[in-house]
Structures are given as structure tokens and as C-alpha cells.
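A quick write-up on the structure given underneath.
2 protein chains.
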Amino acid sequence: MSEIRRDPITGRWVIFAVERAQRPSDFALEEREPPVVNCAFCENNESQTPPEIHADRPARSAPNGPGWRMRVVPNKYPALRVEGELAKQGDGVYDRMAGVGAHEVFIEGAAHATSVTALPHDIYRSTIFSYRDRLRDLKKDRRLAYALIFKNVGVRAGASIAHNHSQLIATPVVPITVQQEMTGSKRFFDYRGRCIYCDILRQEKAEKSRMILETPDFAAIVPYAARFPFEIWVVPTRHMSHFEDASDSELESLTDGMLSVLNRLERALGAPPYNYVIHTSPFVDGHLDYYHWHIEIMPRVTMAAGFEWGTGFYINPVLPEEAAKFLCNARHGQ
Amino acid sequence: MSEIRRDPITGRWVIFAVERAQRPSDFALEEREPPVVNCAFCENNESQTPPEIHADRPARSAPNGPGWRMRVVPNKYPALRVEGELAKQGDGVYDRMAGVGAHEVFIEGAAHATSVTALPHDIYRSTIFSYRDRLRDLKKDRRLAYALIFKNVGVRAGASIAHNHSQLIATPVVPITVQQEMTGSKRFFDYRGRCIYCDILRQEKAEKSRMILETPDFAAIVPYAARFPFEIWVVPTRHMSHFEDASDSELESLTDGMLSVLNRLERALGAPPYNYVIHTSPFVDGHLDYYHWHIEIMPRVTMAAGFEWGTGFYINPVLPEEAAKFLCNARHGQ
């Protein structure tokens, strides 16, 4: 079982995923494209993954066999496992606990495609709806404090398998970055009595200079202080603290919005590696006036180096207004 | 001039370095090894860098000509510039200021070498002493709040030039990561009345399982909650909050210690890309009982992906005790 340790200075948590461990001498410094032949996520290779937790498949098709559109399975090399007790303990000045949590994979499409924009619309729709289902289900486990849903696309964005997929990692503690966002939003709310994300939406809708897409349910903007060139935030219009509280019609809109934005990103930058991450509230919190879920899309076209790691300060060579203009013009192809 | 913007939620700062900007369409997704011919940092190419701020060169040799051992020059494409006023201003819900600061480069050695372990000892010693000199000098500028000294080695660690060099970026605000470390250390001190780094040193010296190098002046350990495989912290034995307060004999020891640790890292992992960062206290603070400067060395053998960016939670496949054992055994070559 893996182990979770806490840095005693910053409060940052690290998962030591010993089951994923290579021997130290195995560290390959070359980046390799993942293999395409015998892909574990392709149809007919269902036996290569652990048994499915959920699948979008015709009513009469058998679980863990072919014929599906989208599957959710436990990660074969999980960072955290559902079984076991947390066993929190001190270790001198340090703290640690057992690696209890969940690590799941959303396999998007039975055919080997490497971009969600290449998928039939209903497969990505099914994925977005499954995000909500899995959050609602895991929320019932009282040992879990948070679940992060994210997608890594391309080797440089950390993807080890090219076949379209997303991941979910549920943790027994609220991660530090989430805590910082919650604290910052709460500070603003306590002072102004308004949600800062709602305020941002109002300003962006008025100024338009960083707006990429505006629909009744969602806005996609390049954030004012974007860390990365062409970073994009997709923010729901309605104030909601938890992703799992989104309605069916909002998830339909989100599917369309995400596909439109990702399509624009690919046209503009030629299928760049990217990560996206759903930022949502911890399980334990009920509806919050001060936090507003959203999705952050981070293209990996620059490298974070010593300065970024040392300071949390970022250097971005592209102004958000320039990035937004470029992404908007990419609408018609180029 | 570049612009600094603040994320209104987390308080994180981003430098928009427009003078470093490529056109959006220029983003090259291929990683390229930097060119070796006509390297701007090699001897006889001094005219390719801005005029030197400091140089370790024989007394009779002319500035900005050949014959030097180590030079400090302004970065040719600076993220921040020394000239100008901060001009802090609001922008609706947002904040920004002009990109005032400093961005300097330490060029280590006139010959084209790509590892400090390949340098004559006195060149790296001269670099370490220059770190202190530059901090002491920039500290006099009241507009500057902090200076970060760091080294990027290898393309995957963000180095765009292969010739041995370090960098310094001085900022008009205290970076968020530094603030978090200061806050965490202060919280521990307020509760226990002791410096947490001193406590860590005591525990590591007793346990030995994560110790790589122990000298009278320094210890090198794999931290208990290492974010990255083979991460190493080099911590001075004497409690000091500011790097620039280190004595000459401590800097001599640091030179030997860093070379020994980096040599071990290269033997163990075969010249991996890495970053190192000096963690020290903000300029404005006088001597602090609760903070303890140190150097963090982060080999780049794994990729940070969506999960890490989304949570500040890290997944590390190598236990610190295993990494320490491996690095210790690398002492005798392999």
C-alpha cells in the first residue's frame, strides 16, 4: 500500500506510490511516445484493465466485454486504494498516513483516438456525465475529503497512454492548492459579500478582451493572470460551489463548450499537449456562497523551471489579451 | 516593459514578459538541444551579453573581454528590469504593476562545460561567493522585496542555454511559495519555540536513513515528503535565516558540499536534468528565529501532470529512504 506524507513546513502532501515504483536505476530520461499496438484502453482488450466500475454500453452487452462507448475502471497502478484504514500517525516532527483513496480512469471511446475533438459527440457527453456520477458516488465514502478530475493529453503533459482518457483521484485530505483557492475566495467574500468568480465573470463579459466563448450557461476566458500561454478557464454562469450539483442541461452545455474550446486550442496551436483540471469544492462542505467550480485548461507549450518551482511566481511570454485574440481568430481554422 | 499581474483568488503573481514574447504562432512544441556553436556564454563572445555587473578575472584584464573565470551579467531578455517605478494599480477586480526587478545571469567558466562537476573547483566557489555578493548588493534597493537564485540544468529542466550558468530574479513582492514557507515555519515556531529546520536536522542526524552527506557546516538529506524522486535539500547546520549572512568558511563548505552532492546525483542517474533553488528570507526581514535558508535540488526525472497542478499534491514513485540509499551507494561510482 502506498503512503501519504506531509511536508511539515508548507503542509503540502506527497503520495509515495510504491506500487508504481520503478527501481531507481530504471529512470528513463527519454520521453517516449506511448505504444499504439495492443493499447490496453482499446475495444477487445478489456481484460487488460481491472473490472469496470461503470460503463456506457447497450443494455444487453456484457460488462468487461466489447460494445461500449465509455468505461470507468480503477487505475491498474493506483496512487491510492479504496481498501484499508487511514492509520494517521506521527513520525517525530513529521506526519504520515496510509494511501487510502481512489484512483479511477475514464476511457473515452472504444476506438483508438487521441483527441476528444475526434470523438463522436455522445462519447464526450457520456464522459462529462460520468464525472458527475463518480463524484456523487465517492462523496458517500466518509474517509474521502476531495476528488480531483483531470485529463492529461500528450507525453509532455504527463500522459503515459495516448488513447483518450481522464482520471479521478480521491484523497483523504483536502489538497493544499484547493485549500488556498477556498481561503482566497472566502477572504474576498467576507470583505465584499460577493463571489469573486461571479465578479470576474461580470468584468470579463463587460470587457470582452479575454473572452473566448460565451453561452447562456458558460463563459470561457483567458484568465487575467494566466500562468501559462493560452491558459483557459471555463466557468459556469450560475453560481455553484460543487461540480456534482450541475444540472443535466448544464452538463449538455458544458460538453458543447469544452469541445468548442478544445477544438479552438487545437486549431490555434496544432494539437498541443495540455492538462485540464476540474476545480470544485471539498466533499464535506455543503453549498458555499464563496466558491464557484470551474475547469482550468493548461496547454504545455512552455516549461516550468527553477524560478517557477521556487517561487510560485510564473513567467508567461504571452499577454492574456493577445492569447484570447489568437484563440478567437482560430475559430475559422487557419 | 513587462507587467506583473496578481491572481485575485490565490494571490499568485505572474510576470508577463512581453520582451521575451514569441508570436503565438511561433510556439515550437519540439524540445531542442540548445546550440553549441557560437555559444553566447563562451570566452571571446562577451559582446553577445550585456556588459558585466561583476567578474572574477585577473586584476589587469579588461572588463567584457576574455580572461575571466566567472561573470555576472544582466539577462539579455529580462523578465524584469531595474529601471522604472512600480506603478501599482487596480484593474476592476484585478491588480497589476510594472515589471520592475532584476534578472541576472552567473556564467560559470569561460570554457563550454555543461555540468558544474566538470568545472575547476575555484570557478564554482567563485559562483557561490557571487550569489552572496549579488544578494547583498540588491538588498540595498528598497523597491525589491525578494531575490531568488536558481540553476536550470538540461532542456527538460527549462535551460535554454547549455553552458553552465545560474540565474537571479529579484521581485518587488514576496513570492507566494516563499510566503507559504515563512508562514508554515512561523506557525511551528510560535507553537514549539524552535526552528522547524533545526528540528528536522536533529531528527535526520539521529535517524540517518535519509542522510546523504554530513559535514560540520552542512547536511544533505532526501526530505521526508520529497515531491520528486531523488530530491535533495542542502541545509546549513548553523541557524541562519538569510543566505547572504553565511560566512566565508561556510561558503567554502557549501561549495564542497554542493559539488559532492551533484556529483553523486550524476553518478546515480547519469547526468539528469535538474533545478536547484536557494530558499532564503525576504530582504525586508532582519534575522528571523523561525526561518532557516537552504538549497532544494530537484531532479527532473518525472513529469508534473494534471493532478500535481490541480492539487499541489505530488505523486512520487520512490520512497525517500530508497532514494537516499541509492544516492549513498553512488559514492563509489557504478
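Chains C and L supply the protein sequences, listed in that same order. Heads up: the first sequence begins at 48 in our numbering, then just goes up one per residue. Heads up: the second sequence begins at 48 in our numbering, then just goes up one per residue. Even glycine gets a Cβ: it sits at the ideal position worked out from N, Cα and C. Everything numeric in this text was worked out from a predicted model, so none of it was measured.
Check, Outcome
"Min CB distance A134/L to chain C below 9 Å", "no"
"Cβ contact (3+ pairs, closer than 8 Å) linking the segment 362-372 of chain C and the segment 271-279 of chain C", "yes"
"Beta-carbon separation (whole angstroms), S328/C vs H289/C, contact threshold 8 Å", "5 Å"
"CB-CB length for H212/C against H159/C, believed under 8 Å", "About 11 Å separates the two Cβ atoms, so there is no contact after all."
"Start and end residues, alpha helix (DSSP H) containing T218/L", "Note, T218/L: premise wrong, no alpha helix (DSSP H); beta strand (DSSP E) at H212 to T218."
"Three-state secondary structure assigned by DSSP to R118/C", "strand"
"Alpha carbon of G231/L to alpha carbon of Q226/C, nearest angstrom", "14 Å"
"Segment limits, alpha helix (DSSP H) that includes P367/L", "P367 to N376"
"Coil, strand or helix - L306/L by DSSP", "helix"
"Closer than 7 Å at the beta carbon, the chain L residues around W340/C", "Ordered by position in chain L, no residue passes the 7 Å Cβ test against W340/C, which lies about 12 Å from the chain."
"Cβ neighbours of A377/C in the same chain (closer than 7 Å, five flanking residues each side left out)", "R311, R314 and A315"
"From M305/L, R239/L, R234/L and M229/L, residue whose alpha carbon lies closest to that of D264/L", "M305/L"
"Proximity winner among V202/C, W340/C, E151/C and R190/C, relative to P125/C (alpha-carbon distances)", "E151/C"
"Buried versus exposed call for R104/C [16 or more other C-beta atoms within 10 Å across all chains shown]", "buried"
"Which of helix, strand or coil DSSP assigns to M350/C", "coil"
"Min CB distance R189/L to chain C below 9 Å", "no"
"Alpha-carbon spacing of A75/L relative to P320/C, whole angstroms", "At A75/L the pLDDT is 46, less than 50, meaning the model places this residue with poor confidence; the figure from the coordinates comes in the next sentence. Spanning the two alpha carbons is a distance of roughly 12 Å."
"T218/C versus Y193/C, I208/C and V202/C, residue with shortest Cα-Cα distance", "Y193/C"
"Cβ neighbour criterion (16 or more within 10 Å) applied to E77/L", "Residue placement at E77/L is flagged as unreliable, the pLDDT there being 45, under the threshold of 50; a coordinate-derived value is accordingly withheld."
"Pair within 9 Å by beta-carbon distance, N322/L and N199/L", "yes"
"Beta-carbon neighbours of P55/C, restricted to chain L and to distances below 9 Å", "G231, F235, I243, D246, I247, Y271 and A272"
"Amino acids of chain L, ordered along the chain, whose beta-carbon sits closer than 7 Å to that of W383/C", "Residue 383/C is absent from the structure shown; chain C starts at 48 and stops at 381."
"For F277/C, three-class secondary structure by DSSP", "coil"
"Chain C contact residues for N211/L, given Cβ-Cβ distances below 9 Å", "Those do not exist, as N211/L stays about 14 Å from chain C at its closest Cβ, beyond 9 Å."
"S49/L versus K233/L: straight-line alpha-carbon distance, rounded", "33 Å"
"Alpha-carbon spacing of H101/C relative to Q214/C, whole angstroms", "14 Å"
"Minimum C-alpha distance to K135/L - residue among F63/L, G146/L, V84/L and C242/L", "G146/L"
"Per DSSP, cross-strand counterpart(s) of F63/L", "N363/C and E50/L"
"Nearest-angstrom Cβ-Cβ length linking V324/L and E355/L, presumed shorter than 8 Å", "17 Å between Cβ atoms; not a contact."
"Best match in R107/L, L374/L, V120/L and F63/L for proximity to F88/L [C-alpha to C-alpha]", "V120/L"
"Residue-chain proximity (L117/C, chain L), Cβ-Cβ < 9 Å", "The displayed chain sequence assigns Met, not Leu, to residue 117/C. No - not a single Cβ of chain L is within 9 Å of the one on M117/C."
"Cβ-Cβ distance between G201/C and A106/C below 9 Å", "no"
"C-alpha gap between E228/C and M345/C, whole angstroms", "17 Å"
"Cutoff 9 Å: P113/C Cβ touching any chain L Cβ", "no"
"Neighbour-count burial assignment, E130/L, 16 or more Cβ in a 10 Å radius", "exposed"
"Backbone secondary structure at L260/L - three-state DSSP", "strand"
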